[in-house]
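Numbering (the working numbering), first residue to last: 1 to 226. The beta-carbon is built from N, C-alpha and C at its ideal position, and this holds for glycine as well. Worksheet: one structure, shown below.
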């Protein structure tokens, strides 16, 4: 389990950095395609923590060479959302979420994945629009963004990234602290290592900081209508 989560977390980290670099370099469409990939990677991580059977089959798929079969059985987005939705429902039963919050999360997951999938499937409107520089004034001329010459959607793309990582972190930490889940922070890290303890403490403090900062940004955007 340690190795499995480590590699998924490593992939999430590197993919996030790739999205940041692409958005800054003006390669907007490519960044959005990677966002959809990151969405699935994050949900895979949460699924293998929640579901022991999924975890086992996912881990053994390399040896059995049946990864496509395992994906169809457990890791299509519909299957992964069902697993996460069921877990979130238990949080609602325990009064850690209310029904309105649960509905909002489910709606957010559905809408965001559908919109990001349009990039992975090369929908023509996205191909057309994201090949041009973004303009805020309808009277301005949209210029082709050849070679990513201008970065005009970095804020929009990074906002999408922030939302996805915020949600993933929220559920991830809930899972690690849930006594009904067999995966714990001790099982992910070497409990006898002082370095592991140090990194875990730093990660927890950083999580608290970024969580509050993210909520502050969202509230500011709502207040100013951005």
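Opening and closing residue of the alpha helix (DSSP H) in which residue i lies
i: residue 113; result: 99-120
i: residue 23; result: 2-24
i: residue 132; result: Taken as a continuous stretch (DSSP letters only), residue 132 belongs to no alpha helix (DSSP H), as it is neither H nor E.
i: residue 80; result: 77-93
i: residue 52; result: 52-64
i: residue 172; result: 154-176
i: residue 27; result: Premise fails: residue 27 is in no alpha helix (DSSP H) and is neither H nor E.
i: residue 186; result: 185-188
i: residue 68; result: 67-70
Among the options, nearest to residue i - alpha-carbon criterion
i: residue 94; options: 199, 186, 56 and 179; result: 179
i: residue 149; options: 155, 131 and 166; result: 131
i: residue 115; options: 36, 216 and 214; result: 36
i: residue 128; options: 144, 113 and 135; result: 144
i: residue 33; options: 104, 112 and 73; result: 112
i: residue 135; options: 92, 166 and 151; result: 151
Distance between beta carbons of residue j and residue i, contact taken as under 8 Å
i: residue 8; j: residue 45; result: 4 Å
i: residue 158; j: residue 20; result: 7 Å
i: residue 23; j: residue 154; result: 4 Å
i: residue 2; j: residue 188; result: 6 Å
i: residue 261; j: residue 10; result: Lying before the first or after the last residue shown, residue 261 is absent from the chain, which here runs from 1 to 226.
Below-8 Å beta-carbon distance, residue i vs any chain B residue
i: residue 38; result: Among the protein chains of the structure shown there is no chain B, as only one such chain exists.
Proximity test, residue i beta-carbon vs the ligand FAD heavy atom, cut-off 7 Å
i: residue 5; result: No copy of the ligand FAD appears in this structure; indeed no ligand is present at all.
Flag this pair as touching only if the segment 79-97 and the segment 34-53 have three or more C-beta atom pairs under 8 Å; answer yes or no. yes
Touching by the beta-carbon criterion (3+ pairs, under 8 Å), the segment 70-85 and the segment 162-169: no
Quick test of the definition: if touching needs 3 or more C-beta pairs under 8 Å, does the segment 11-18 touch the segment 124-143? no
Are the segment 114-124 and the segment 29-37 in contact at 8 Å, needing three or more beta carbon pairs? yes
Quick one: any contact between the segment 166-177 and the segment 54-66, if contact means 3 or more CB pairs under 8 Å? no
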